[in-house]
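Below is one structure, written out as structure tokens; the observations come after it.
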Amino acid sequence: MRKVLIILCMFFTQSLFSQNIIKWEESFDGDFFSLGWKYVNRDSSGGPVMHVLPTFEFVTLGTQAPQNGSNFWRFNFEDANAYGLTDDWLITPKLENIVVGDSITFWCGAVDRTFKDTLYITVSTVDNVPWTFETIDFFKVDGPVGSWHKKSYDLSKYAGQNIYFGIQYFHRAGGGLGISTDHVWIDHYTLTGPGTPPIVVDSYELQQNFPNPFNPGTEIDFSILENTNVTLKVYNTAGELVATLVDGFMTTGKYSVDFDGSALASGVYFYKLTAGSFSDTKKMTLVK
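Each residue of the sequence shown is one higher than the last, beginning at 0 in numbering that gives the first Met the number 0.
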């Protein structure tokens with residue numbers, strides 16, 4: 000009977016996670032334009048728009064803060080030209096040597112309500128100028144103020160190539176009197192996939208999961224300073240093990256684990272990272 004329970008527990012916990020290595024990330028801290036980022040104003044508007052912000056206060060809707068780090072990127076209705084056209088681009092540095100299994104993720108949000116506030120997702124294998132990009136997706140950005148929504152795109156079709164990843168904010172009825180645009184915010188890009196991350200790690204770290212509270216999924220990031228055996232486990236308030244997310248040897252680097260709590264009841268849970276002599280525990284809340 001005990002062996003059966005152990006086998007069932009292993010099957011259950013293995014189904015709750017997927018793991019990726021973070022190869023590159025950006026949260027708009029510091030002089031990120033010097034790292035190869037590019038902003039393109041194709042509508043030729045000349046308004047004094049502040050795109051990089053540490054926070055933004057809406058008069059009646061609340062405050063928008065970064066998803067990660069100290070700043071976030073913002074598009075808004077002031078980006079439109081005199082004819083109401085908005086065509087602005089934010090383009091990443093060159094992302095080199097894409098391999099099968101790579102994916103890119105970013106977080107976004109919007110005022111929402113009646114405004115369309117659509118983002119076009121584009122990729123170029125040629126250059127970082129807008130006319131070389133192909134559109135791979137577009138969507139109306141969800142709100143409300145204070146929220147962040149995760150978007151991810153599989154890059155496997157570009158394996159063996161270098162790419163630029165662009166976000167286009169395009170509307171014909173924008174501006175202060177337009178019906179399409181208000182505010183859209185973007186933050187925290189990550190490129191994840193198989194391989195060794197080109198990221199310097201100077202300490203062990205277990206970060207707070209995001210989002211938190213969550214339903215049913217959340218992301219847990221952590222850093223491993225030295226090659227060592229690592230475990231990442233989830234417990235309920237009674238101290239019972241409910242999920243083993245990581246259990247094995249890992250090399251130095253930054254890691255991201257997706258935790259799916261669909262099979263668990265609402266409540267408080269604790270996740271514990273153990274790596275060599277390092278150990279840290281944090282609390283998260285599942286709300287269904």
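By construction, the Cβ of each residue, glycine as well, lies at the ideal position given by its N, Cα and C atoms.
Only a predicted model underlies this, so the values are computations on that prediction, with no experimental measurement involved.
{"Query": "C-beta atoms of L285 and G260 nearer than 7 Å", "Result": "yes"}
{"Query": "K287 versus N228, A237, N80 and G216, residue with shortest Cα-Cα distance", "Result": "G216"}
{"Query": "Selected residue, minimal CA-CA separation from E133, among I162, F31 and L52", "Result": "I162"}
{"Query": "N67 burial status per 10 Å Cβ neighbour count (16 or more: buried)", "Result": "buried"}
{"Query": "Q167 classed as buried or exposed, judged by whether at least 16 other C-beta atoms fall within 10 angstroms", "Result": "buried"}
{"Query": "Validate contact between the segment 146 to 158 and the segment 219 to 234 using beta carbons, cut 8 Å, 3 pairs", "Result": "no"}
{"Query": "Assigned secondary structure, W88 (DSSP; H/G/I helix, E/B strand, else coil)", "Result": "strand"}
{"Query": "Proximity below 7 Å, CB of T121 to CB of G165", "Result": "yes"}
{"Query": "Contact check, T230 vs T273, beta carbons under 7 Å", "Result": "yes"}
{"Query": "Neighbourhood of L52 by C-beta distance below 7 Å, restricted to the same chain and skipping five residues each side", "Result": "N70, F71 and R73"}
{"Query": "Nearest-angstrom Cβ-Cβ length linking I90 and K37, presumed shorter than 8 Å", "Result": "4 Å"}
{"Query": "Cross-strand partners of A274 (DSSP beta bridge)", "Result": "V229 and F277"}
{"Query": "Cut-off 8 Å between Cβ atoms - residues of its own chain near C107, not counting five sequence neighbours on either side", "Result": "L118, V140, W147, H148, K150, V183, W184, I185 and D186"}
{"Query": "Member of N96, N75, E25 and D257 whose CA lies at the smallest distance from the CA of D87", "Result": "N75"}
{"Query": "Beta bridge counterpart(s) of Q167 as assigned by DSSP", "Result": "W88 and Y119"}
{"Query": "DSSP three-state assignment for D78, whether helix, strand or coil", "Result": "helix"}
{"Query": "Which listed residue (D28, E218 and S26) has its alpha carbon closest to that of D257", "Result": "E218"}
{"Query": "As assigned by DSSP and simplified to three states, the class of Y203", "Result": "coil"}
{"Query": "For I97 and D153, the rounded distance between their alpha carbons", "Result": "11 Å"}
{"Query": "Contacting residues, own chain, Cβ-Cβ under 8 Å from E302 (five flanking each side not counted)", "Result": "Only positions 0 to 287 of the chain appear in this structure, which leaves residue 302 out of reach."}
{"Query": "7 Å Cβ shell around D28 - same chain, five flanking residues per side excluded", "Result": "G68, S69 and N70"}
{"Query": "Expected contact under 8 Å - CB spacing of Q63 and V144 to nearest Å", "Result": "6 Å"}
{"Query": "Rounded Cβ spacing between D181 and D116 (contact assumed at less than 8 Å)", "Result": "6 Å"}
{"Query": "Beta-carbon proximity list for T236, same chain, < 8 Å, skipping 5 on both sides", "Result": "G266, V267, Y268 and F269"}
{"Query": "Within-7 Å CB hit, F74 to chain B", "Result": "The question asks about chain B, but that chain is absent: this structure has only one protein chain."}
{"Query": "CA nearest to the CA of N208, picked from S255, Y234, E24 and L190", "Result": "S255"}
{"Query": "E25 to P65 span [Cα, whole Å]", "Result": "12 Å"}
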